[in-house]
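In what follows, a structure is listed as structure tokens, so that the remarks can point back to it.
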Amino acid sequence: MKYVNSKVLFLGLIYVVLQLTGFENKLAAQSGSKIEISGTITAADGGQPLIGATIVEKGTMNGATADVTGSFTLSVSPNAILVASFVGYNPKEVAVGNRAVVHVALDNDQKLLQEVVVVGYGTQKKKDLTGSMVSLTSEQLLPTPSASFDQMMQGKVAGTQITQTTGAPGGNVNILIRGISSITGGNQPLYVIDGYAIGAGGGGSDVSSFNGNSFSSSGMANNTANKINPLSTINPADIESIEILKDASATAIYGSRGANGVVIITTKRGRQGKASISFEATGGVQTVARKLDLLDAQQFAEFVADGRDNAWVYAGGNASDPNEVRSGATRVKPEFRNPAALPANTDWQDVIFRPAAMQNYQLSVSGGANDINYYVGGGYFDQEGIIEGSNFKKFNLRTNVDAYLTKRLKIGVSVAGSHSFGDFARAEGHLGQRGLISAALANSPALPIYTENGQYSSELLDPLGVPVENPLLILDEFSDRRNSTNIFNNNFLEYEILNGLTLRTSLGVNYIVDKTRLWKSSEIGEWGAKTSPATAGTHQRTNLNWLNENTVNYQRVFGERHSLNAVAGFTAQKDALEMFQAGAMDFPTDYIPILAGGNVNAGTNFITEWSMLSLLARVNYTYHDKYLFTATIRRDGSSRFGVNNRWGTFPSFSAGWRVSKEPFMANLTAVNDLKFRASYGTSGNNLIGNYAHIGLLGISRYVSGAQPVLGIVPQSLANENLTWERSQEVNLGMDLSLFDNRLTLTA
Numbered sequence: 001m002k003y004v005n006s007k008v009l010f011l012g013l014i015y016v017v018l019q020l021t022g023f024e025n026k027l028a029a030q031s032g033s034k035i036e037i038s039g040t041i042t043a044a045d046g047g048q049p050l051i052g053a054t055i056v057e058k059g060t061m062n063g064a065t066a067d068v069t070g071s072f073t074l075s076v077s078p079n080a081i082l083v084a085s086f087v088g089y090n091p092k093e094v095a096v097g098n099r100a101v102v103h104v105a106l107d108n109d110q111k112l113l114q115e116v117v118v119v120g121y122g123t124q125k126k127k128d129l130t131g132s133m134v135s136l137t138s139e140q141l142l143p144t145p146s147a148s149f150d151q152m153m154q155g156k157v158a159g160t161q162i163t164q165t166t167g168a169p170g171g172n173v174n175i176l177i178r179g180i181s182s183i184t185g186g187n188q189p190l191y192v193i194d195g196y197a198i199g200a201g202g203g204g205s206d207v208s209s210f211n212g213n214s215f216s217s218s219g220m221a222n223n224t225a226n227k228i229n230p231l232s233t234i235n236p237a238d239i240e241s242i243e244i245l246k247d248a249s250a251t252a253i254y255g256s257r258g259a260n261g262v263v264i265i266t267t268k269r270g271r272q273g274k275a276s277i278s279f280e281a282t283g284g285v286q287t288v289a290r291k292l293d294l295l296d297a298q299q300f301a302e303f304v305a306d307g308r309d310n311a312w313v314y315a316g317g318n319a320s321d322p323n324e325v326r327s328g329a330t331r332v333k334p335e336f337r338n339p340a341a342l343p344a345n346t347d348w349q350d351v352i353f354r355p356a357a358m359q360n361y362q363l364s365v366s367g368g369a370n371d372i373n374y375y376v377g378g379g380y381f382d383q384e385g386i387i388e389g390s391n392f393k394k395f396n397l398r399t400n401v402d403a404y405l406t407k408r409l410k411i412g413v414s415v416a417g418s419h420s421f422g423d424f425a426r427a428e429g430h431l432g433q434r435g436l437i438s439a440a441l442a443n444s445p446a447l448p449i450y451t452e453n454g455q456y457s458s459e460l461l462d463p464l465g466v467p468v469e470n471p472l473l474i475l476d477e478f479s480d481r482r483n484s485t486n487i488f489n490n491n492f493l494e495y496e497i498l499n500g501l502t503l504r505t506s507l508g509v510n511y512i513v514d515k516t517r518l519w520k521s522s523e524i525g526e527w528g529a530k531t532s533p534a535t536a537g538t539h540q541r542t543n544l545n546w547l548n549e550n551t552v553n554y555q556r557v558f559g560e561r562h563s564l565n566a567v568a569g570f571t572a573q574k575d576a577l578e579m580f581q582a583g584a585m586d587f588p589t590d591y592i593p594i595l596a597g598g599n600v601n602a603g604t605n606f607i608t609e610w611s612m613l614s615l616l617a618r619v620n621y622t623y624h625d626k627y628l629f630t631a632t633i634r635r636d637g638s639s640r641f642g643v644n645n646r647w648g649t650f651p652s653f654s655a656g657w658r659v660s661k662e663p664f665m666a667n668l669t670a671v672n673d674l675k676f677r678a679s680y681g682t683s684g685n686n687l688i689g690n691y692a693h694i695g696l697l698g699i700s701r702y703v704s705g706a707q708p709v710l711g712i713v714p715q716s717l718a719n720e721n722l723t724w725e726r727s728q729e730v731n732l733g734m735d736l737s738l739f740d741n742r743l744t745l746t747a
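Residue numbering for the sequence shown follows full-length UniProt numbering, starting at 1 and increasing by one per position.
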């Protein structure tokens, strides 16, 4: 009930804000009525058709592509708003109104080559880049509503593999930039949010989709898989841009954590001017893309009867022999000989799957006055799972404030919080683990959902003798509830010492609490038993991370030919994780599904920490806007390595040649920009565990005087020579822009 009240309160707050500000929002009716429109997408400066341009109904995935004449047709909701876009042109929104024909003319994007991108500890013009990277804007992300931004990146970043590790709502996503770079260490990229590095894999969280397969009390206690995507705590509506750094030249500034690539996320901030209020509401329905074509009850009965007859004939009998003379594995149920007598024709996939509704509400206010800029955004996301009973909900709130205290002194404060929670189905796992989907695919279609007295029907064994449970029983009698609370704060102070020379210091904290509650009633059996004792498990993880960074940046243009951009700095970061988990069994009743209702007999508690100190420097030099050079170095000291190899150094060098600026290219007016680039660099990987270099001790039992005694025994040997995993990378590339930036190519 408290979740419903929270949702009502949030929507009520939206209504009050909109009424007080006089803001009017028109939402298209989400009815089944559609209107068909047609039109063209052309260039405003010449009227030529833009072949391959896209036009999308705003807030949906409903869209079309322009053909060779620039024409398109599309069915949309009444009063829809269309968003047309094409590479090298500014996107444009057009209201359909009562028109059946819509013509859109796009303006050339003159700022394409002047675009500024975030490169880590600074910014750089896109045309001056010598490393490999991809930049995504908020406009490229938002047409695809999802629980987290990483899902929105799918299919939009070349050379990056983005896959969901589970189909659960709010589930984890696995990102690989240029493939697997480590055999023994982690392969997830580093994520940097407004300059704050939250760690590879989303703050070091477990991205495995299933852990603790057993229903035993110890298995329930060890079910520590984080099924809630830690990156879902970042509201996609708050994101201004995302930069993906790929090669060693681009990632070397992040040293030992850059080997798997870096994803830099910049959130929205306010600008001077009147308050701007934005409200967006989207909704949709998700369904199973394709169900497996399984046997119906009659086909299943015939298949089983034929198989058992063949087995009996192979053993020396006759197919016409009655069950009384057959062995157990070759007997055929009487109703399988008479399909009309079958008690049911159940499609178990229809039993567990459903159309799943999804809704998303976003409200933000931004603006600025008197040298103070602000951005405040809040959101509510609600997604049902396609499996009955599963769901994911999320609340987000973010505030970014920047203020100039003097002409040279600027401060900034970012505070963000999120709370997400959900119910997760036991979809993964094989039949013995009571995996829900496995049970639905293996169960007999001739079996009804319920018996005549209203109990869950169950055959216990399938025709092959493998335990099979009623899928609906697993849905109703197993509970997996998880929630995650994330609080993020990052503050900075920036002072311009001299013209072009700026000192910046920042201090941030990230606090995360994850909780899991598991319950299995006695109705669910294990390994051949119709019932088994009820079990429960709980797991709580508390993570505190802080980061301090201090940098000096120098930018200057010398004459008309020389441009210099340099940064140097020092960073310190520390992370502490405490985990508690426990399990219980021997519950006298199923009506008290918490640990206190049973016998707590499994549990553990541990604390783990790591810290890192770093020195960094980078120099970008440009000569005559044609020849580009970048040198980067970072030296990291990590607590994860022994004293003999605690520090690692990671340099990189890159160069670029803008051929399009040479005199011999002057007559090739179709070429707006042509640049060749090359880079070499070394990056590292420190995802090896916090205490791999230390000789660890463990607790063990032994007998002393006929009594069991606890003692301490060695668990691992110390290795003070444990060293960094290093990746050396050479990258050759080309950037090409043609026909007034209408066609761009990066290779």
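Idealized CB from N, CA, C, for every residue including glycine. None of these values were measured; they are calculated from a predicted model.
(request) Measure the beta-carbon distance from Gly255 to Phe650 and round it to whole angstroms, keeping in mind my assumption that it falls under 8 Å. (result) 5 Å
(request) Please say whether Gly377 and Asp238 have beta carbons closer to each other than 7 Å? (result) yes
(message) Assuming contact is defined by CB atoms lying nearer than 7 Å, are Asn400 and Arg504 in contact in what I supplied?
(response) no
(request) Give a yes or no on whether the C-beta atoms belonging to Leu736 and Leu745 are separated by under 7 Å. (result) yes
(request) Check the DSSP bridge columns for Val262 and list the partner residues they point to. (result) Leu190 and Leu245
(message) Measuring only the C-alpha atoms, how far is Lys274 from Asn370?
(response) 11 Å
(request) Could you check which residue in Ala582, Tyr554 and Leu628 has the C-alpha nearest to that of Arg561? (result) Leu628
(request) Would you mind reading off the limits of the beta strand (DSSP E) that contains Ala576? (result) His562 to Met585
(request) Could you work out which residue in Gln161, Ile234, Ala158 and Leu176 is closest to Asp194 when comparing CA atoms only? (result) Ile234
(request) Could you name the residues of the same chain whose beta carbon sits closer than 6 Å to that of Ser71, not counting the 5 residues immediately before and after it, in chain order? (result) Thr40
(request) Excluding the 5 residues preceding and the 5 following Phe674 in the sequence, name in chain order all residues of the same chain whose CB lies nearer than 8 Å to its CB. (result) Checking the displayed sequence, the identity of residue 674 turns out to be Leu instead of Phe. Counting only Cβ-Cβ distances below 8 Å, and skipping sequence neighbours, we find Arg658, Val659, Ser660, Met665, Met734, Asp735, Leu736 and Ser737.
(request) Given a cut-off of 7 Å, decide if Trp519 and Ser484 are closer than it, judged by their beta-carbon atoms. (result) no
(request) Look at the alpha carbon of Ser364 and the alpha carbon of Ala631, and state the distance between them as a whole number of angstroms. (result) 40 Å
(request) Closer than 7 Å by C-beta to Arg556: which residues in its own chain qualify, once you throw out the five before and the five after it? Chain order, please. (result) Gly500 and Leu564
(request) Would you tell me roughly how many angstroms separate the C-alpha atoms of Val285 and Gly454, rounded to the nearest one? (result) 32 Å
(message) Taking 6 Å as the limit between beta carbons, can you name the residues of its chain near Ala319, skipping five residues before and five after?
(response) Asp309 and Val313
(request) Output the boundary residues of the alpha helix (DSSP H) element that contains Val89. (result) In the sequence under discussion, the amino acid at residue 89 is Tyr, which differs from the Val named in the question. Element bounds for Tyr89: n/a, residue is neither H nor E.
(request) Measure the CB-CB distance between Ile180 and Tyr191 and report whether it falls below 7 Å. (result) no
(message) Which residue marks the beginning of the alpha helix (DSSP H) containing Tyr691, and which one marks its end?
(response) First-last for Tyr691: undefined, no H or E at that position.
(message) Measuring straight from C-alpha to C-alpha, what distance separates Ser414 and Ala568?
(response) 23 Å
(message) Let me confirm a value: Ala100 is counted as buried when at least 16 other C-beta atoms fall within 10 Å, else exposed. Which label applies?
(response) exposed
(message) I need the DSSP call for Ser77, collapsed to helix, strand or coil.
(response) coil
(message) With DSSP as the reference, identify every bridge partner of Lys410, one or two as the case may be.
(response) Tyr404 and Glu494
(message) In this structure, how does DSSP classify Met133 when only helix, strand and coil are distinguished?
(response) strand
(message) Report the CB separation of Ala446 from Ala297 in whole angstroms; it is logged as a contact under 8 Å.
(response) 4 Å
(request) For Ser521, name the three-state secondary structure that DSSP assigns. (result) coil
(request) Note the first and the last residue of the continuous alpha helix (DSSP H) segment covering Gly307. (result) Ala297 to Tyr314
(message) For Pro322 and Gln151, I'd like the C-alpha separation in whole angstroms.
(response) 58 Å
(message) Can you tell me whether Ser205 is helix, strand or coil according to DSSP?
(response) Below a pLDDT of 50, predicted positions are generally treated as unreliable, and Ser205, at 33, falls in that range; no measurement from the model is reported.
(message) Here's the rule I'm using: 16 or more other beta-carbon atoms within 10 Å means buried, otherwise exposed. How should Thr160 be labelled?
(response) buried
(message) Taking contact to mean 3 or more Cβ pairs, one atom from each stretch, closer than 8 Å, check whether the segment 703-723 and the segment 44-57 are in contact.
(response) no
(request) Could I get the ranges of all uninterrupted alpha helix (DSSP H) runs contained in the segment 606-637, with 4 residues as the minimum, in chain order? (result) none
(request) Could you tell me if Gln573 is buried or exposed, where buried requires 16 or more neighbouring beta carbons within 10 angstroms of its beta carbon? (result) buried
(request) Compute the Euclidean distance between the alpha carbons of Tyr404 and Tyr621, then round it to the nearest angstrom. (result) 30 Å
(message) For Phe488, list the residues DSSP reports as bridge partners.
(response) Ala416 and Asn510
(message) To the nearest angstrom, how far is the alpha carbon of Leu717 from that of Met579?
(response) 24 Å
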